[in-house]
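Undergrad:
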Amino acid sequence: MAVSTTTPGGTVSERPSGTLHERASYDLADFPVPNGREEQWRFTPLRRLRDLHKGAEADGKVVVGVDAPPEVTVETVARTDERVGRAYTPVDRVSAQAYNSFAQATVITVPKEVVATAPTVVSLRGEGGVAYGHTTVILEPYAQATVVLDHTGTATYADNVEFVVGDGASLSVFSLQNWAPDAVHLSHQHALLSRDAKYKSFTVSLGGSVVRIAPSVSYDAPGGDAEMYGLYFVDAGQHIEHRLLVDHTQPNCRSRVDYRGALQDEGAHAVWIGDVIIRVEAEGTDTYELNRNLVLTDGTRVDSVPNLEILTGEVAGAGHASASGRLDDQHLFYLQARGIPYDLARRMVVRGFLGQLVDKIDLPELQEQVRAAIDKELDR
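Mapping the sequence shown onto full-length UniProt numbering, position 324 (from 1) lands on 324, and the numbers just tick up by one.
In structure tokens form, the structure reads like this:
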């Protein structure tokens, strides 16, 4: 199967497609306004998106600030810059709307063979209203860097983020959703991996009213390695959704996905969709995806859907798993029987469940920030 993809310059090319994602285009007209019955939108509360899916006009502001080490180049460019849209083609209505609506893009470049001496921190602070954005991160061959995307404030915000990881380069990305309780954020974050490139992403979603993050990875040469981790804590009335896609189009590439979440209080809703495609030409693929959810109270809802589409029989490994359940009474009883109060026992179990992922955060300050945020959620 193949689909037509319209490029930023207006040309049309053919690319192979599985059944999970059959359309990609920069043209907004190629995506009808969703009504909630589409597979891509059936879990998302459209009525709470403040018309982002209907083409809401930008009337607000998200202030972008970048703190980068001196060896990293940071530019603010026009939408006509040839580096913008180089790695990612929108796959739904809101993504296309964001691409056609942003005024300026942030381009971050790590030169060839440079090892960044400190993380590059991109601060995105919402100041109300509807806003659109675009960020492009480019690692030239054999470069190494860490990028932190920190979202705060309040806004109705849609954006696209693309990561271009060159031959032999290594990129770690931490995406933090620390929005105010009334914020709405829909984001696509796509990584394109070249030969022997390494990519690690860690998504932490805690704040906001409706947050829908779509991380994705594709490969344009053999040897790429992607690890995608995620952690979320959903409170009363919150909708937090993660929709992942790993598209194996090259031989001998690897991917690992591990997302974990906790939910508490009435109306808390977590959605996790994990799509992995192994195409005919992707022999030797090694992939596994996992999602686990811990339900702390009644009145919550979890939708967890792992999808694995294998189009070749020559794979090194492929699998997926999903589990959602309540706190284990036996674990709590065991701790209480040893004199630990119930509230502390509950905190220990939740921290242990989520802590296996927190331990993978290799920035000490960020790791402590996430642990403190989890404790704050539990204090509620």
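Quick reminder that beta carbons are idealized off the backbone N, C-alpha and C, glycines included.
Looking at the secondary structure, which residues open and close the alpha helix (DSSP H) in which arginine 23 lies?
TA: Mapped onto the sequence shown, residue 23 falls at position 23. Where arginine 23 is concerned, there is no enclosing alpha helix (DSSP H), given that its DSSP letter is neither H nor E.
Undergrad: Look at the alpha carbon of isoleucine 213 and the alpha carbon of isoleucine 108, and state the distance between them as a whole number of angstroms.
TA: In the sequence shown, residue 213 corresponds to position 213, counting from 1. In the sequence shown, residue 108 corresponds to position 108, counting from 1. Rounded to whole angstroms, isoleucine 213 to isoleucine 108 spans 21 Å at the Cα level.
Undergrad: Is the beta carbon of valine 62 less than 9 Å from the beta carbon of glutamate 127?
TA: Numbered from its first residue, the sequence shown carries residue 62 at position 62. Numbered from its first residue, the sequence shown carries residue 127 at position 127. Yes. Within cutoff.
Undergrad: Please report the straight-line C-alpha distance between valine 349 and arginine 380, rounded to a whole angstrom.
TA: Taking the first residue of the sequence shown as 1, we reach residue 349 at position 349. Taking the first residue of the sequence shown as 1, we reach residue 380 at position 380. Taking the straight line from one Cα to the other gives about 16 Å.
Undergrad: If you follow the beta strand (DSSP E) that asparagine 307 is part of, which residue opens it and which one closes it?
TA: As a position in the sequence shown, residue 307 is number 307, starting the count at 1. Where asparagine 307 is concerned, the enclosing beta strand (DSSP E) stretches over 301 to 310.
Undergrad: Rounded to whole angstroms, how far is the Cβ of leucine 231 from the Cβ of leucine 357, which I believe are closer than 8 Å?
TA: Numbered from its first residue, the sequence shown carries residue 231 at position 231. Numbered from its first residue, the sequence shown carries residue 357 at position 357. About 5 Å separates the two Cβ atoms, so the contact holds.
Undergrad: Which runs of the beta strand (DSSP E) fall wholly inside the segment 28 to 91 and span at least 3 residues, in chain order?
TA: Complete beta strand (DSSP E) runs here, min 3: 62 to 67 and 73 to 78.
Undergrad: Give, in chain order, every unbroken run of the beta strand (DSSP E) that is at least 3 residues long and sits entirely within the segment 101 to 161.
TA: Here the runs fully enclosed are 104 to 110 and 120 to 139.
Undergrad: Compute the distance between the beta-carbons of arginine 326 and leucine 296, then report whether it is under 9 Å.
TA: The residue you call residue 326 lines up with position 326 of the sequence shown. The residue you call residue 296 lines up with position 296 of the sequence shown. Yes, these two residues count as a Cβ contact at 9 Å.
Undergrad: Would you say the segment 211 to 229 touches the segment 192 to 199, given that touching needs at least three Cβ pairs under 8 Å?
TA: In short, these stretches touch, since the Cβ pair count reaches three.
Undergrad: Nearest-angstrom Cα distance between aspartate 329 and arginine 79?
TA: Indexing the sequence shown from 1 puts residue 329 at position 329. Indexing the sequence shown from 1 puts residue 79 at position 79. For aspartate 329 and arginine 79, the distance between alpha carbons rounds to 55 Å.
Undergrad: Assuming alanine 148 and phenylalanine 174 form a contact by the criterion Cβ under 8 Å, report the distance between their Cβ atoms to the nearest whole angstrom.
TA: Looking up residue 148 in the sequence shown gives position 148. Looking up residue 174 in the sequence shown gives position 174. With the sequence shown as reference, residue 148 is identified as valine, and alanine is not the correct amino acid for it. Indeed, because the Cβ distance is near 5 Å, the residues count as touching under 8 Å.
Undergrad: Could you pull the start and end residues of the alpha helix (DSSP H) that glutamine 189 belongs to?
TA: The residue you call residue 189 lines up with position 189 of the sequence shown. Run containing glutamine 189: none in the alpha helix (DSSP H); it sits in the beta strand (DSSP E), 184 to 193.
Undergrad: To the nearest whole angstrom, what separates the beta carbons of valine 64 and glycine 133, a pair I think is in contact under 8 Å?
TA: Residue 64 sits at position 64 when you count from the first residue of the sequence shown. Residue 133 sits at position 133 when you count from the first residue of the sequence shown. About 7 Å separates the two Cβ atoms, so the contact holds.
Undergrad: What are the residues that DSSP puts in a beta bridge with glutamate 365?
TA: The count along the sequence shown starts at 1 and reaches residue 365 at position 365. DSSP output for glutamate 365 lists no bridge partner at all.
Undergrad: Report the three-state DSSP secondary structure of lysine 360 (helix, strand or coil).
TA: As a first step, residue 360 is located in the sequence shown; it is residue number 360 there, counting from the start. Residue state, collapsed to three classes: coil.
Undergrad: Along the chain, where does the beta strand (DSSP E) containing isoleucine 273 start, and where does it finish?
TA: In the sequence shown, counting from the first residue as 1, residue 273 sits at position 273. Run containing isoleucine 273: 269 to 278, per the beta strand (DSSP E) assignment.
Undergrad: Do you know offhand how far alanine 143's Cα is from valine 74's?
TA: For the purposes of this step, residue 143 is taken as residue 143 along the sequence shown, with counting starting at 1. For the purposes of this step, residue 74 is taken as residue 74 along the sequence shown, with counting starting at 1. In a straight line, the C-alpha of alanine 143 is about 15 Å away from that of valine 74.
Undergrad: Out of Pro181, Phe163, Gly36 and Asn160, which one is the CA nearest neighbour of threonine 152?
TA: Locating residue 152 in the sequence shown gives position 152, where the first residue counts as 1. Ranking Pro181, Phe163, Gly36 and Asn160 by Cα distance to threonine 152 puts Pro181 first.
Undergrad: Kindly provide the ranges of any alpha helix (DSSP H) runs that are 4 or more residues long and lie completely inside the segment 310 to 344, ordered along the chain.
TA: Runs of the alpha helix (DSSP H) inside the segment 310 to 344: 329 to 336.
Undergrad: Please classify aspartate 247: is it buried, with 16 or more other beta-carbons within 10 angstroms of its beta-carbon, or exposed?
TA: The residue you call residue 247 lines up with position 247 of the sequence shown. Flag for aspartate 247 reads buried.
Undergrad: Pop quiz: proline 34 and arginine 93 are said to be a contact at Cβ under 8 Å. What is the actual Cβ separation, rounded to whole angstroms?
TA: To locate residue 34, count along the sequence shown from 1; it is residue 34. To locate residue 93, count along the sequence shown from 1; it is residue 93. At roughly 6 Å, the Cβ-Cβ gap stays under 8 Å, so proline 34 and arginine 93 are in contact.
Undergrad: Look up aspartate 379 in the DSSP assignment and say whether it is helix, strand or coil.
TA: One-based indexing of the sequence shown puts residue 379 at position 379. Aspartate 379: helix per DSSP, three-state reduction.
Undergrad: Look at the Cβ atom of lysine 112, then the Cβ atom of glutamate 71, and state whether they are nearer than 9 Å.
TA: Here the question's residue 112 lines up with position 112 in the sequence shown. Here the question's residue 71 lines up with position 71 in the sequence shown. The answer is no: Cβ separation not under 9 Å.
Undergrad: For arginine 279, tell me which candidate among Gly313, Thr300 and His269 has the shortest Cα-Cα distance.
TA: Reading the sequence shown from its first residue, position 279 is the one you call residue 279. Nearest of Gly313, Thr300 and His269 to arginine 279, Cα basis: Gly313.
Undergrad: Would you tell me roughly how many angstroms separate the C-alpha atoms of glutamate 368 and threonine 76, rounded to the nearest one?
TA: Within the sequence shown, numbered from 1, the residue matching residue 368 stands at position 368. Within the sequence shown, numbered from 1, the residue matching residue 76 stands at position 76. Distance between the alpha carbons of glutamate 368 and threonine 76 is about 31 Å.
Undergrad: Going by the CB atoms, is the gap between leucine 245 and valine 271 shorter than 9 Å?
TA: In the sequence shown, counting from the first residue as 1, residue 271 sits at position 271. In the sequence shown, counting from the first residue as 1, residue 245 sits at position 245. Not a contact, by the Cβ cut-off of 9 Å.
Undergrad: Return the residue from the list Val110, Gly60 and Ala68 that minimises the CA-CA distance to phenylalanine 102.
TA: As a first step, residue 102 is located in the sequence shown; it is residue number 102 there, counting from the start. For phenylalanine 102, the nearest C-alpha among the options comes from Gly60.
Undergrad: With a threshold of 16 other CB atoms inside 10 Å of the CB of arginine 254, please say whether the residue is buried or exposed.
TA: Within the sequence shown, the letter at position 254 stands for residue 254. Buried, because 16 or more other Cβ atoms sit within 10 Å of the Cβ of arginine 254.
Undergrad: Do you know how far the Cα of alanine 105 is from the Cα of valine 84?
TA: One-based indexing of the sequence shown puts residue 84 at position 84. One-based indexing of the sequence shown puts residue 105 at position 105. Distance between the alpha carbons of valine 84 and alanine 105 is about 8 Å.
Undergrad: When burial is assigned at 16 or more other CB atoms within 10 Å of the CB, is valine 115 buried or exposed?
TA: Within the sequence shown, residue 115 is the residue found at index 115, counting from 1. Valine 115 comes out exposed.
Undergrad: For glycine 352, does the three-state DSSP call read helix, strand or coil?
TA: Along the sequence shown, one-based indexing puts residue 352 at 352. Correct three-state label for glycine 352: helix.
Undergrad: For proline 119, tell me which candidate among Glu377, Leu366 and Asp375 has the shortest Cα-Cα distance.
TA: As a first step, residue 119 must be located in the sequence shown, where it is residue number 119. Considering only alpha carbons, the answer is Leu366.
Undergrad: Taking isoleucine 240 as the reference, which of Arg256, Tyr288 and Arg48 has the closest Cα?
TA: Numbered from its first residue, the sequence shown carries residue 240 at position 240. Isoleucine 240 has its Cα closest to that of Arg48, out of Arg256, Tyr288 and Arg48.
Undergrad: Tyrosine 342: buried (16+ other C-beta within 10 angstroms of its C-beta) or exposed?
TA: Counted from its first residue, the sequence shown places residue 342 at position 342. Flag for tyrosine 342 reads exposed.
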